[in-house]
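These notes concern the structure reproduced below.
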Amino acid sequence: MVASDCVFANAPVGINQLHMPLDTVLCLDTSGSMYGAGMDSLRRAVRQFLQGVQETASETGLRENVAVVEFGSRVRIVQSLTNQYWRVQGAVDSLQANGGTPMFEGLMEALKEILQNGGVISLAGGRIKMTPRVILMTDGKPTNTEKVIVAAASFSPKGYSQVGLPYPIPIACVGCGSEVDVGLLAVIAKITNGMFAIGDVSELSSFFRKQVLLIRFALQFAHDMEKLRNLILLREFMARMGEQVSEEELIGLKTLLLAMIVAASAEEESPSPPPAQLAITAPPPRSYSPPVRTQPVRVREEVNHCLHCVISLFFPLWVFVWCYLCCAD
771 MVASDCVFAN
781 APVGINQLHM
791 PLDTVLCLDT
801 SGSMYGAGMD
811 SLRRAVRQFL
821 QGVQETASET
831 GLRENVAVVE
841 FGSRVRIVQS
851 LTNQYWRVQG
861 AVDSLQANGG
871 TPMFEGLMEA
881 LKEILQNGGV
891 ISLAGGRIKM
901 TPRVILMTDG
911 KPTNTEKVIV
921 AAASFSPKGY
931 SQVGLPYPIP
941 IACVGCGSEV
951 DVGLLAVIAK
961 ITNGMFAIGD
971 VSELSSFFRK
981 QVLLIRFALQ
991 FAHDMEKLRN
1001 LILLREFMAR
1011 MGEQVSEEEL
1021 IGLKTLLLAM
1031 IVAASAEEES
1041 PSPPPAQLAI
1051 TAPPPRSYSP
1061 PVRTQPVRVR
1071 EEVNHCLHCV
1081 ISLFFPLWVF
1091 VWCYLCCAD
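Going by my numbering, the letters in the sequence shown line up with residues 771 to 1099, in that order.
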């Protein structure tokens, strides 16, 4: 059994330690374009993901808490973090495709769930810690691209502390279909140190299976950071599990995994203090709620030049949006 404990968040420490979870929030696009075959594929992919999570718990002792957030005609936390997987599957089965693509609001709900119920686990006797992750699935373009990037920045190494997160949270993005804003998903993955993959909706199951296998890889080599960083070893592991992964997706998986590993033991890394972003361990106040309404208001009133500069570094075409906003201001 894998030794793990949990430290983090607004829930009492004793509760988190009892459950010993790795936390994953599924942030799912339920816009009208997902109607029919899209929702069927999504339900099937989530079912296979949960089966893989249960197998991991059975074989290794590490349970994974899963939450579901939907953004479409409604934006809500459909299921809070739990390891009662029948509840998660029931929540996904109840989703109905309708409406637009309010991705900003969906990401804000995912942030709220992590702040309220998320945890950081320790593996390999406390030698490494792993944060929660967000898996973002969409088949279209969001209603407000700029606000989505602001939301993603809240999870990033540069913005996490401003919203009360103890650590940055990586976002794994999967886009399905021809209407996906590929550039936007690339930016979200880049600024959160996550990953993104593009494919047909029928390929969702493969993406979710690789997410399960990534955690199994982390568990197998948690005792050795060099092996966790080894791209060839990760490729061989995926191949043994029956998954052929492209070089681009392989790099994305490794980036996501390393972003989830927030600390190693001081004895192994260095006697010097860890970076400031890793030293923040105090949870946000219990009364704290993520700034769902205050963030977009600031964006409208005044151009945030620092934020737009950062975005432009990762997405050069964004400089035209920056210039437009400056003129409008």
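Glycine included, every Cβ here is placed at the ideal spot set by N, Cα and C.
Of the residues assessed, Asp793 falls on the buried side of the cut-off, its CB having 16 or more other CB atoms within 10 angstroms. The DSSP assignment places complete alpha helix (DSSP H) segments of no fewer than 4 residues inside the stretch 921-1001 at 952-962, 974-990 and 995-998, in order along the chain.
Classified as buried, Glu834 has 16 or more neighbouring CB atoms from the shown chains inside 10 Å of its CB.
Between Val890 and Lys899, the gap from beta carbon to beta carbon is short of 8 Å. The continuous alpha helix (DSSP H) containing Lys1024 extends over residues Glu1017 to Met1030. Taking 8 Å as the cut-off, the beta carbon of Gly945 is found closer than this to the beta carbon of Ile968. The beta-carbon separation of Pro936 and Met873, rounded to 24 Å, does not stay under the 8 Å limit for a contact. Short of 7 Å from the beta carbon of Val982, and not among the five residues preceding or following it, lie these beta carbons of its own chain, in chain order: Phe819, Gly822, Val823 and Thr826. Per DSSP, the unbroken beta strand (DSSP E) holding Arg833 starts and ends at Arg833 to Gly842. One thing to note: Ile919 has its Cβ within 8 Å of the Cβ of Val957.
The continuous alpha helix (DSSP H) containing Arg813 extends over residues Ala807 to Thr830.
With fewer than three CB-CB distances shorter than 8 Å, the stretch 1009-1018 does not count as touching the stretch 855-873.
The beta carbon of Ala988 lies closer than 8 Å to those of Leu893, Met900, Leu998, Leu1027, Met1030 and Ile1031 in the same chain, with the five residues before and after it left out. Using a Cβ distance threshold of 8 Å, Asn887 and Leu832 do not count as a contacting pair. In this structure, the alpha-carbon of Leu984 lies about 20 Å from that of Leu798. Rounded to the nearest whole angstrom, the CA to CA distance from Gly910 to Asn963 is 22 Å. The beta carbon of Arg817 sits closer than 7 Å to those of Gln859, all from its chain and outside the five residues before and after it, given in chain order. In the DSSP assignment, Leu792 is bridged to Glu834. Counting along the chain, no beta strand (DSSP E) covers Leu877; the unbroken alpha helix (DSSP H) around it starts and ends at Met873 to Asn887.
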